[in-house]
Amino acid sequence: MVFPIAHIHYNDEIDDNGKVIVPEDVQDAIRTLIRWSGDDPSREGLLDTPARVGRAWREYCGGYAEDPAAHLSRTFQEVGGYHELVLLKDIPFQSHCEHHMAPIIGKASIAYMPTDRVVGISKLARVLHGFAQRLQVQERLTAEVANCIWDNLKPHGVAVVIEAQHGCMTGRGVKVHGVGMVTSKLIGCFLDDQSSRKEVMSLMGY
Numbered sequence: 001m002v003f004p005i006a007h008i009h010y011n012d013e014i015d016d017n018g019k020v021i022v023p024e025d026v027q028d029a030i031r032t033l034i035r036w037s038g039d040d041p042s043r044e045g046l047l048d049t050p051a052r053v054g055r056a057w058r059e060y061c062g063g064y065a066e067d068p069a070a071h072l073s074r075t076f077q078e079v080g081g082y083h084e085l086v087l088l089k090d091i092p093f094q095s096h097c098e099h100h101m102a103p104i105i106g107k108a109s110i111a112y113m114p115t116d117r118v119v120g121i122s123k124l125a126r127v128l129h130g131f132a133q134r135l136q137v138q139e140r141l142t143a144e145v146a147n148c149i150w151d152n153l154k155p156h157g158v159a160v161v162i163e164a165q166h167g168c169m170t171g172r173g174v175k176v177h178g179v180g181m182v183t184s185k186l187i188g189c190f191l192d193d194q195s196s197r198k199e200v201m202s203l204m205g206y
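Be aware that the sequence shown starts at 1, since it is given in the UniProt record's numbering, and climbs by one per residue.
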């Protein structure tokens, strides 16, 4: 199955400049929000803002237009006799929380212990971004990435650790800056075997 470019959804119309055409009802909703925030959507600096915001959110939520598991469909058997863990560390990502639609900005470390096949290392980052580009909570994002790798690669173990800062905490409410939330999901040997768990967490820096 071929999936579209991340920020283009199946039913999007495209203008002559290659930009997504934002439906008028979406733009009206954004104008309403601008007015409710205390500004005038008809002033010059805000005239094009509804369309820009609509296109931006199409891109922010581009993960809804793809199946992250599709990135794991191509695997390789020739690994030169390598049978130890594979780790992609400190992958930057951005998401938005489903409660306030505020930014979640962080990094993830993803590891798996292969059986007889491995996947291209960039595919782990693509899986992360596929799930991150949706309205999320960090706990679910962590579990979705780990479960996707576990279900599709059938490895001996999977470990995912995500550390992120949440705009709903830094920019509103308690307004505490510089605080990171850490979540983890361990499956298979990384959960059941203390030595494997200690090794992967140490390599991740925890």
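The beta-carbon is built from N, C-alpha and C at its ideal position, and this holds for glycine as well.
Can you tell me which of the three DSSP states residue i falls into?
i      : result
Leu153 : helix
Val174 : coil
Ile34  : helix
Ala6   : The predicted model places Ala6 with a pLDDT of 45, which falls under 50 and marks its position as unreliable, so this point remains unresolved.
Assuming the contact rule is C-beta atoms closer than 8 Å, residue i and residue j should be a hit. Round their C-beta distance to whole Å, please.
i      : j      : result
His71  : Arg126 : 4 Å
Gly157 : Gly188 : 3 Å
Could you tell me which of the options sits nearest to residue i, measuring between CA atoms?
i      : options                          : result
Pro114 : Thr170, Leu203, Leu128 and His83 : His83
Gln138 : Trp150, Gly171 and Met181        : Met181
Asp15  : Ser122, Ala51 and Glu44          : Ala51
With a threshold of 7 Å on Cβ separation, who are the neighbours of residue i within its own chain once the five nearest residues in sequence on each side are excluded?
i      : result
Ile105 : Gln94, Ala164 and Gln165
Asn152 : Ala69 and Leu72
Lys185 : Thr142, Ala143, Ala146 and Val160
Glu103 : The question names Glu, yet the displayed sequence has Pro at residue 103. For Pro103, where only same-chain residues beyond five positions count, the Cβ hits under 7 Å are Gln94, His96 and Gly167.
Arg55  : Lys19, Val20 and Val22
Within the same chain, show all residues whose beta-carbon is closer than 6 Å to that of residue i, passing over the 5 residues directly before and after it, in chain order.
i      : result
His100 : Cys168
Ile110 : Leu88, Leu124 and Val160
Between the beta-carbon of residue i and the beta-carbon of residue j, is there less than 8 Å?
i     : j      : result
Leu85 : Val200 : yes
Going by beta carbon distance, what residues of the same chain come within less than 8 Å of residue i, once the five residues before and after it are set aside?
i      : result
Lys107 : Asp90, Ile91, Pro92, Phe93, Ile162, Glu163 and Ala164
Cys148 : Pro68, Ala69, Leu72, Val127 and Phe131
Thr75  : Arg117, Val118, Val119 and Leu153
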